[in-house]
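J.:
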Amino acid sequence: MSHPHPELSAPRALPKGGLRVIPLGGLGEVGRNMTVFEHEDRLLVVDCGVLFPEDHHPGVDLILPDFGPIRDRLDQVEALVLTHGHEDHIGATPYLLRERGDIPLVGSELTLALLDSKLREHRLKETVHHKVKEGDRLTFGPFELEFVAVNHSIPDALAVAIRTSAGMVLHTGDFKMDQLPLDGRITDLRAFARLGEEGVDLFLTDSTNAETPGFTPAEKSITPVIDQVFRESSQRIIVACFASHVHRVQQVLDAAYAHERQVAYVGRSMVRNMAIARDLGYLKVPPGTLVDTKDLADLPPERQVLISTGSQGEPMSALSRIAQRNHHFVHIEEGDTVLLASSLIPGNENAVYRVINGLARWGARVVHKGNALVHVSGHASAGELLYCYNIVKPRNVLPVHGEMRHMLANRDLALATGVENVVVAEDGVVVDLVNGVASVAGKVECGYVFVDGSSVGDITESDLKDRRILGEEGFISVIVVVDSVSGKVSGGPEIHARGNALDGASFDEVKQPIIDALDRAIAEGNTDSYQLQQTVRRVIGRWVSGTHRRRPMIIPVVIEA
Numbered sequence: 008m009s010h011p012h013p014e015l016s017a018p019r020a021l022p023k024g025g026l027r028v029i030p031l032g033g034l035g036e037v038g039r040n041m042t043v044f045e046h047e048d049r050l051l052v053v054d055c056g057v058l059f060p061e062d063h064h065p066g067v068d069l070i071l072p073d074f075g076p077i078r079d080r081l082d083q084v085e086a087l088v089l090t091h092g093h094e095d096h097i098g099a100t101p102y103l104l105r106e107r108g109d110i111p112l113v114g115s116e117l118t119l120a121l122l123d124s125k126l127r128e129h130r131l132k133e134t135v136h137h138k139v140k141e142g143d144r145l146t147f148g149p150f151e152l153e154f155v156a157v158n159h160s161i162p163d164a165l166a167v168a169i170r171t172s173a174g175m176v177l178h179t180g181d182f183k184m185d186q187l188p189l190d191g192r193i194t195d196l197r198a199f200a201r202l203g204e205e206g207v208d209l210f211l212t213d214s215t216n217a218e219t220p221g222f223t224p225a226e227k228s229i230t231p232v233i234d235q236v237f238r239e240s241s242q243r244i245i246v247a248c249f250a251s252h253v254h255r256v257q258q259v260l261d262a263a264y265a266h267e268r269q270v271a272y273v274g275r276s277m278v279r280n281m282a283i284a285r286d287l288g289y290l291k292v293p294p295g296t297l298v299d300t301k302d303l304a305d306l307p308p309e310r311q312v313l314i315s316t317g318s319q320g321e322p323m324s325a326l327s328r329i330a331q332r333n334h335h336f337v338h339i340e341e342g343d344t345v346l347l348a349s350s351l352i353p354g355n356e357n358a359v360y361r362v363i364n365g366l367a368r369w370g371a372r373v374v375h376k377g378n379a380l381v382h383v384s385g386h387a388s389a390g391e392l393l394y395c396y397n398i399v400k401p402r403n404v405l406p407v408h409g410e411m412r413h414m415l416a417n418r419d420l421a422l423a424t425g426v427e428n429v430v431v432a433e434d435g436v437v438v439d440l441v442n443g444v445a446s447v448a449g450k451v452e453c454g455y456v457f458v459d460g461s462s463v464g465d466i467t468e469s470d471l472k473d474r475r476i477l478g479e480e481g482f483i484s485v486i487v488v489v490d491s492v493s494g495k496v497s498g499g500p501e502i503h504a505r506g507n508a509l510d511g512a513s514f515d516e517v518k519q520p521i522i523d524a525l526d527r528a529i530a531e532g533n534t535d536s537y538q539l540q541q542t543v544r545r546v547i548g549r550w551v552s553g554t555h556r557r558r559p560m561i562i563p564v565v566i567e568a
């Protein structure tokens, strides 16, 4: 078993005939999935997703994988394979295509349809598509691909077997083993076993639920709970779920039809994705059930159902605006029922509970995972992973898709079934498969790339630190005028503070120390304006830290006149 160390250096040249795996996202985190395979000087990319920002990423819209390690090799990319249509697997694709627009895109019908709408938003046209389904085989350069049906919380998910002269890789993507799926499409364990008999040299497998014992419950287990919510609700029902969760929306539509209610979608992504799913036949809308939101308002509350985005407490989502009572047409009323039909993504807990409290304040009954079985995971639990290891019998394992604790738990499961070599890596840690053995070969620079409005990659960790300081500590500006002839302070210091409890009078005692420090600095020959600004910053920084125990951002300005 190998695992990453900060002292790893750049990888050596890939040995002739070897296969290199370069994870650029998704290892050590839940999201931002992107894995690059290198063989015979050609590259194959599997998934290209985003990570959603947390509270310590103020102002950031999205976080992308770092394309830096392959930026000067994009002409060597044979294809981008997309395992399924979730944002953490397809959301960064438009940003990659901005750098090379003709990369062939490979995925299932629904996956490519969801991606198409995203590409149109980015005004990307004439992209190359290869629509595949389970059982299909395609060859791109030295990579022969075979696609395998897997069950997940979105229809049409695929695992991919990658055959090369260095050996076979089986990448599960996100999957579980629901034996009673709503769409009847189960994970093809016969194909897993067949590939195992052929010989899987490297198994990349979903780690998200590796710490969870047993088997992930079936999606059908939620149906009675949803039915009970409808049966007990005497007024309007609002259901919040992921805009890509076709199965959950199907269950809500069926429950609404059974209870003679009508449904409207709220949220642009929900409207768009469900229209795509319906047009392609993945969503079956019962007759007379779906109406426009404007028509829903004409119905009595006991016949209304809204399916909304915002299950993770996203500030600008429909549900958050409903909870704040500033949605342009949905106003929460006492007695309404809100069903949060999703799990909590780590890091979103505070935002979700803020929304729940906001809804409860207006008199809504909120049903969520904390008080009812309203969501099941889309990822395999420990029992399912053990089953897979026993039928695939891989020679080497690289746990993927999870935080470090998830990947280590996955490692332990693999070792328990007799797998002899498990490599635990993180983003940027390069793994080579040579002569049937996987090992760490080095590390490439691989950081977060922040999308901030129209800016991509311009915001740095240092910028975010400044934003956090501004948000938590506020700022102090100090303006001083220095006479260019005498070298004496002729104006100020004029001090202003924002975002903290300090007022103008608070700074009276520090003004003279600032003047004294500047006089000393100038007397010692430090006349450069930057050096004088640093002098001001040090004096007021020490004062505010010692006197008020705060560390605000300090913006000194020294003007020569």
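Start counting the sequence shown at 8; every next residue gets the next number (my numbering). C-beta atoms are modelled at their ideal positions from N, C-alpha and C, and glycine is treated no differently. These numbers were taken from a predicted model, which means no experiment stands behind them.
How many angstroms separate the CA atom of G288 from the CA atom of R201?
T.: Taking the straight line from one Cα to the other gives about 30 Å.
J.: Return helix, strand or coil for G385, following the three-state DSSP convention.
T.: Three-state result, G385: coil.
J.: For Q83, which residues from the same chain have a beta carbon less than 7 Å from its beta carbon, with the 5 sequence-adjacent residues on both sides left out?
T.: Excluding positions up to five away in sequence, the list reads D48, R49, L50.
J.: For S324 versus H252, is the C-beta distance shorter than 7 Å?
T.: No, the Cβ-Cβ distance between S324 and H252 is not below 7 Å.
J.: Rounded to whole angstroms, what is the Cα-Cα separation between C453 and V246?
T.: Each residue's Cα considered, the two are about 38 Å apart.
J.: Kindly examine the ligand HEM and report whether one of its heavy atoms sits closer than 6 Å to the Cβ of I245.
T.: You won't find the ligand HEM in this model; it holds no ligand whatsoever.
J.: To which residues of the same chain is L145 closer than 6 Å at the C-beta, ignoring the five residues directly before and after it?
T.: Counting only Cβ-Cβ distances below 6 Å, and skipping sequence neighbours, we find L152.
J.: Could you tell me how far apart the beta carbons of E141 and L112 are, in whole angstroms, since I believe they sit closer than 8 Å?
T.: Not a contact, Cβ separation roughly 18 Å.
J.: If we ignore side chains and look at the alpha-carbon of each, how far apart do G114 and A156 end up?
T.: Roughly 12 Å separates the two Cα atoms.
J.: Going by beta-carbon coordinates alone, are I70 and F457 separated by less than 7 Å?
T.: Their beta carbons are under 7 Å apart, which means I70 touches F457 by this criterion.
J.: If distances are taken between C-alpha atoms only, which option among L187, E116, H254 comes closest to D163?
T.: Ranking L187, E116, H254 by Cα distance to D163 puts E116 first.
J.: Return the chain-ordered list of same chain residues with a C-beta closer than 7 Å to the C-beta of L21, the five sequence neighbours on each side being excluded.
T.: Excluding residues within five positions, the ones whose Cβ falls inside 7 Å are R27, E45, D439.
J.: Going by alpha carbons, who is nearest to H96 out of F59, L196, A304, E567?
T.: Of the listed residues, the one whose Cα sits closest to H96 is F59.
J.: Could you tell me whether the Cβ atoms of S241 and E309 are closer together than 7 Å?
T.: A contact, by the Cβ cut-off of 7 Å.
J.: Going by other Cβ atoms of all chains shown within 10 Å of its Cβ, with 16 needed for buried, is Q258 buried or exposed?
T.: Classification of Q258: buried, given that the 10 Å Cβ count is 16 or more.
J.: Whether or not the segment 416 to 433 and the segment 222 to 235 are in contact is what I'm after, with contact meaning three or more pairs of Cβ atoms, one per stretch, closer than 8 Å; do they touch?
T.: Segments in contact, no.
J.: Among L87, G75, G25, H129, which one has its Cα closest to the Cα of P101?
T.: Of the candidates L87, G75, G25, H129, the one whose C-alpha sits nearest the C-alpha of P101 is H129.
J.: DSSP on V488, reduced to helix/strand/coil?
T.: Residue state, collapsed to three classes: strand.
J.: Closer than 6 Å by C-beta to V273: which residues in its own chain qualify, once you throw out the five before and the five after it? Chain order, please.
T.: Within the same chain, V273 has close Cβ partners L313, S315, A325.
J.: Quick check: the Cα distance between R107 and L81, rounded to an integer number of angstroms?
T.: In a straight line, the C-alpha of R107 is about 7 Å away from that of L81.
J.: Whose C-beta lies closer than 6 Å to the C-beta of G553 among residues of the same chain, with five residues either side of it excluded?
T.: Hits under 6 Å: none found.
J.: Closest by CA to K23, which one among E239, V362, A173?
T.: The option with the nearest alpha carbon to K23 is A173.
J.: Alpha carbon to alpha carbon, how far is I339 from V564? Give it in angstroms, no decimals.
T.: Computed Cα separation, rounded: 50 Å.
J.: Along the chain, which unbroken stretches of the alpha helix (DSSP H) at least 4 residues long are found entirely within the segment 485 to 561?
T.: Complete alpha helix (DSSP H) runs here, min 4: 515 to 530, 536 to 555.
J.: Should H335 go down as buried or exposed, given a rule of 16 or more other Cβ atoms within 10 Å for buried?
T.: Under this definition H335 is an exposed residue.
J.: Taking the runs of the beta strand (DSSP E) that are 3 residues or longer, which of them lie wholly in the segment 205 to 258?
T.: Here the runs fully enclosed are 209 to 213, 244 to 247.
J.: Please state whether the Cβ-Cβ distance between G238 and A348 is less than 7 Å.
T.: According to the sequence shown, residue 238 is Arg rather than Gly. Against a cut-off of 7 Å, the Cβ pair of A348 and R238 comes out as no contact.
J.: Using 10 angstroms around the beta-carbon of I566, count the other beta-carbons present and answer buried if the total reaches 16, otherwise exposed.
T.: Label assigned to I566: exposed.
J.: Per DSSP, G174 forms a beta bridge with which residues?
T.: Answer by DSSP bridge pairing, in chain order: T171.
J.: Which residues in the same chain have their Cβ closer than 6 Å to the Cβ of R243, if we skip the five residues on either side of it in sequence?
T.: Closer than 6 Å at the Cβ level, and outside the excluded window around R243, lie P308, Q311, D343.
J.: Between the segment 384 to 391 and the segment 356 to 366, can you find at least three pairs of beta-carbon atoms closer than 8 Å?
T.: With the cut-off at 8 Å, the segment 356 to 366 and the segment 384 to 391 do not touch.
J.: Kindly list the residues whose CB is nearer than 7 Å to the CB of D109, restricted to its own chain and excluding five residues on each side of it in sequence; keep chain order.
T.: For D109, where only same-chain residues beyond five positions count, the Cβ hits under 7 Å are V135.
J.: Just curious, the beta strand (DSSP E) that D439 is in, first and last residue?
T.: From DSSP, the beta strand (DSSP E) with D439 extends over 436 to 441.
J.: Could you tell me the alpha carbon to alpha carbon distance between G443 and L87, rounded to whole angstroms?
T.: Whole-angstrom Cα-Cα distance: 25 Å.
J.: Classify M8 as helix, strand or coil using the three-state DSSP reduction.
T.: Confidence in M8 is poor, its pLDDT being 41 and thus under 50, which makes the residue's placement unreliable; the coordinate value appears in the next sentence. Residue state, collapsed to three classes: coil.
J.: If the criterion is Cβ atoms closer than 7 Å, does the pair P500 and V487 meet it?
T.: Yes, the Cβ-Cβ distance between P500 and V487 is below 7 Å.
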